[in-house]
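Asker:
Number of protein chains: 2
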Amino acid sequence: MKWSVERRLEFLEFRLFWEGGVNRADLIEMFGVSVPQASKDLTLYQEKAPGNAFYDKSARRYVAGAGFRPVFLDPDPDAWLLRLRSAAEGFADAGANWLAAPPEADIALTPRRKVDTAALRGILAALREGASLEILYQSMSPARPDPVWRRISPHAFGYDGFRWHVRAWCHETGKFKDFLLPRVLDIGGRGAAGASGEQDRLWHDHFDIVITPHPKLSAGQQAVVARDYGMVDGRAALTTRYAMLFYVLKRLGLLEDARSRDPRTQHIVAESDAAVAAALRRANFEFDEAGQTGGGS
Amino acid sequence: MKWSVERRLEFLEFRLFWEGGVNRADLIEMFGVSVPQASKDLTLYQEKAPGNAFYDKSARRYVAGAGFRPVFLDPDPDAWLLRLRSAAEGFADAGANWLAAPPEADIALTPRRKVDTAALRGILAALREGASLEILYQSMSPARPDPVWRRISPHAFGYDGFRWHVRAWCHETGKFKDFLLPRVLDIGGRGAAGASGEQDRLWHDHFDIVITPHPKLSAGQQAVVARDYGMVDGRAALTTRYAMLFYVLKRLGLLEDARSRDPRTQHIVAESDAAVAAALRRANFEFDEAGQTGGGS
DNA sequence: GTCCGTATGTATAAAAACTATATGGGACCT
DNA sequence: AGGTCCCATATAGTTTTTATACATACGGAC
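Chains as they are written, first to last, in the UniProt record's numbering: chain A, 1 to 297; chain B, 1 to 297.
(1) Are there 16 or more other CB atoms within 10 angstroms of the CB of Glu6 of chain A, so buried, or fewer, so exposed?
(2) First and last residue of the beta strand (DSSP E) that includes Tyr62 of chain B?
(3) Between the region 75–89 of chain A and the region 40–56 of chain B, can you find at least three pairs of beta-carbon atoms closer than 8 angstroms?
(4) Just verifying my parser: in three-state terms, what is the DSSP assignment at Phe72 of chain B?
(5) So Met140 of chain A contacts chain B; which residues on that side make the cut at Cβ distance below 7 angstroms?
(6) Can you grab the Cα-Cα spacing for the pair Ile123 of chain A / Val224 of chain A, in whole Å?
(7) Measuring CA to CA, which of B:Leu109, B:Tyr247, B:Ala66 and B:Ala274 is closest to Phe110 of chain A?
(8) Return no unless some Cβ of chain A is closer than 9 angstroms to the Cβ of Trp80 of chain B.
(9) Verify the CB distance criterion: does Pro36 of chain B have a CB-CB separation below 9 angstroms to chain A?
(10) Taking the alpha carbon of Lys177 of chain A as the point to measure from, which residue in A:Arg167, A:Thr239 and A:His171 has its own alpha carbon closest?
(11) Starting from the N-terminal side, write out each stretch of the beta strand (DSSP E) that is 3 residues or longer and does not extend beyond the region 99–137 of chain A.
(12) For Ile28 of chain A, which option in A:Trp18, A:Arg8, A:Leu16 and A:Gly20 has the closest C-alpha, if you only look at C-alpha atoms?
(13) Nearest to Thr117 of chain A by alpha carbon, out of B:Asp76, B:Cys170 and B:Leu255?
(14) How would you list, in chain order, the residues of chain B whose beta-carbon sits under 9 angstroms from the beta-carbon of Trp18 of chain A?
(15) Looking at the unbroken beta strand (DSSP E) that takes in Val22 of chain A, where does it start and where does it end?
(16) Grab me the residues of Gly67 of chain A's own chain with a C-beta within less than 7 angstroms of its C-beta, minus the 5 sequence neighbours each way, in chain order.
(17) CA-CA distance, Ala126 of chain B and Ala270 of chain A?
(18) List the residues of chain A whose Cβ lies closer than 9 angstroms to the Cβ of His155 of chain B, in chain order.
(19) Any idea what DSSP makes of Lys40 of chain A, helix, strand or coil?
(20) What is the DSSP secondary structure of Ser153 of chain A, reduced to helix, strand or coil?
(21) Roughly how many angstroms separate the alpha carbons of Ile187 of chain B and Arg61 of chain B, rounded to a whole number?
(22) For Ile107 of chain A and chain B, any beta-carbon pair shorter than 9 angstroms?
(23) Check whether the region 135–145 of chain A and the region 97–113 of chain B touch, using three or more Cβ-Cβ pairs below 8 angstroms as the test.
(24) With DSSP run on the structure shown, which of helix, strand or coil describes Val184 of chain A?
(25) With a threshold of 16 other CB atoms inside 10 Å of the CB of Tyr45 of chain B, please say whether the residue is buried or exposed.
(26) Once you ignore the five residues that flank Asp41 of chain A on each side, which residues in its own chain have a CB closer than 8 angstroms to its CB?
(27) Quick one: is Arg4 of chain B near chain A, going by C-beta distance under 9 angstroms?
(28) What did DSSP end up calling Arg85 of chain B once you bin it into helix, strand or coil?
(29) Taking only beta-carbon atoms, is Pro50 of chain A less than 9 angstroms away from chain B?
(30) Which residues in chain A have a C-beta closer than 9 angstroms to the C-beta of Gly197 of chain B? List them in chain order.
(31) Please name the residue in A:Arg183, A:Arg150 and A:Arg121 whose C-alpha comes closest to that of Gly174 of chain A.
(32) For Gly234 of chain B and Glu256 of chain B, what's the separation of their Cα atoms in angstroms?
(33) Quick one: does Ala283 of chain A have its CB under 9 angstroms from some CB of chain B?
(34) Say the cut is 8 angstroms; is the CB of Val22 of chain A nearer than that to a heavy atom of the ligand COA?
(35) By the three-class DSSP mapping on this structure, what secondary structure does Pro145 of chain A have?
(36) Please report the Cβ distance between Ala258 of chain B and Arg190 of chain B, rounded to the nearest whole angstrom; I am assuming they are in contact, meaning their Cβ atoms lie under 8 angstroms.
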């Protein structure tokens, strides 16, 4: 079956499953096909997925049957929610995400400076070719209030839930560090790599954060939290790269003293604060020019 | 131009722009077209976007020219990063996001219980049709340790950065509240709506959170933070629905006393804590059965 | 009830897209 | 020099898609 036909059938199934129904007109609008072709696609879909689509004469469109069994689509709720998220964040021309009439949705966004297109392209090119690259970087270090040129050898990307950074060998300080993409203002010349990504121990080594429900919650509430986090016997382990540990702890609210915080907003605590503190020391997080960076090796 | 051809040209452009080059083989693998068709597409692309693609005989593939000007694609770095994010989160069969060889990437994830497919479908159907719905909901209220059936009239979705909730009229308490999707365990019968979304004042009214750099940062650091958040004269306003205020403040770290926290991790503070506190009271956030919910009207 | 607008479905011929197959050329490696 | 891998192009045949036309069904306005 042709790629374009398969995409149309997938679209049909998506609309049937999530949006309650589908029309010839939907196909025509989304793919620019002719009326007879849209009819053929609908007929073809019914052949390939019998029992899924029924024509509701009164509503004048096809609706999903009771025993709907997806054939072309992965019926993952998170996939649908991802489409809703990109719609709510204004990505893509509405419609490209296949949502017919997206429900009202809002996202707790925090506005951040845009990533520079040329900067990202340059970093990607250097990363692909295993080269180093000069960047004009705006650090947070009080010692360097203005952007300065520095050479890095990028090898990976990280996302803390708000912003992307690039994980790279810093030629100046001789460490692996995180550089926030929005703070890369310009790029300069390519050069030889300083160190390869395999040498970044903090990136490749992992630590298990063991979490439990906040002890100040009632037994019933603790049970709910345990289910939320998929805990077994009231414990769950989150395996994290040392290079990402700081960000994960921050997201989980475990960076500062979690036990003393209001359990109604802070649902979990670390089983052993000492183990977490030791792991953070191993990650050697300093608060320096990259905002938060992990130096090592 | 046909939809399928346009997608192929868009793909060509994407690979040229972000991934450094493209091949006939890439086209064949991604879309299942024949060898001559892939050649045609490449020729067609060069006609439509002259000067963008050049054949590198030594590398045996097309590479982007120096003065690349996208024709079929929005060259948005965030769009590329979104693809990387969905790849790193394991969405979609690798390749469906058009990344050739995704760089190593990690995301500070927090594992959460999956959303139930039938529950989301049921809520969507009720929302579309303006109906109410019975849900089996696991609340955090100590008074209700076990899941209970309750009737809601959903009208919108919200995302706090971790989890999705549905904003709905609660028939039981006569308030608009947030219900976390992962805690909806089952759905029951449809019914008449309780209140329409237009009556949800906390959803439709907005508040401006005015933020400034953390005063304990040095002047240079404050300038960097100001640029990060797009501040003018050291101030920026974030317009937020009252119904989302709690989540936004939590994400920004402004829920608890921000001024007393380490400015190296907490970069911003609210200009007026009193104004924020008043807005939170207006939002009438209570910590009850939905975890955090806003009741009102 | 009748008319109208808007759906759907299908039949036909014509156009367009695509495939299979074959041929030729250039660059690189052994 | 030969093999390999990639590109481009030509031809004929197949498949997909379009354009056009016509028949049917439902719901609401008159």
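Every residue gets a Cβ at the ideal spot worked out from N, C-alpha and C, and that includes glycine.
Answerer: In short, the structure shows the following:
(1) exposed
(2) Arg61 to Ala64
(3) no
(4) coil
(5) Gln221 and Val224
(6) 44 angstroms
(7) Note on identity: in this sequence residue 110 of chain A is Thr, with Phe being the wrong assignment. Residue B:Tyr247 is the option with its Cα nearest to Thr110 of chain A.
(8) yes
(9) no
(10) A:Arg167
(11) 105–107 and 132–137
(12) A:Arg8
(13) B:Asp76
(14) Leu120, Arg121 and Leu124
(15) Segment: none, Val22 of chain A is in no beta strand (DSSP E) and carries neither H nor E.
(16) Gly51
(17) 39 angstroms
(18) Pro103 and Glu104
(19) helix
(20) strand
(21) 54 angstroms
(22) yes
(23) no
(24) strand
(25) buried
(26) Val5, Arg8, Leu9, Leu12, Leu27 and Val33
(27) The residue asked about is misnamed: residue 4 of chain B is Ser in this sequence, not Arg. Yes, contact with chain A.
(28) helix
(29) no
(30) Glu104
(31) A:Arg150
(32) 22 angstroms
(33) no
(34) This structure lacks the ligand COA, and indeed carries no ligand of any kind.
(35) coil
(36) Not a contact, Cβ separation roughly 44 angstroms.
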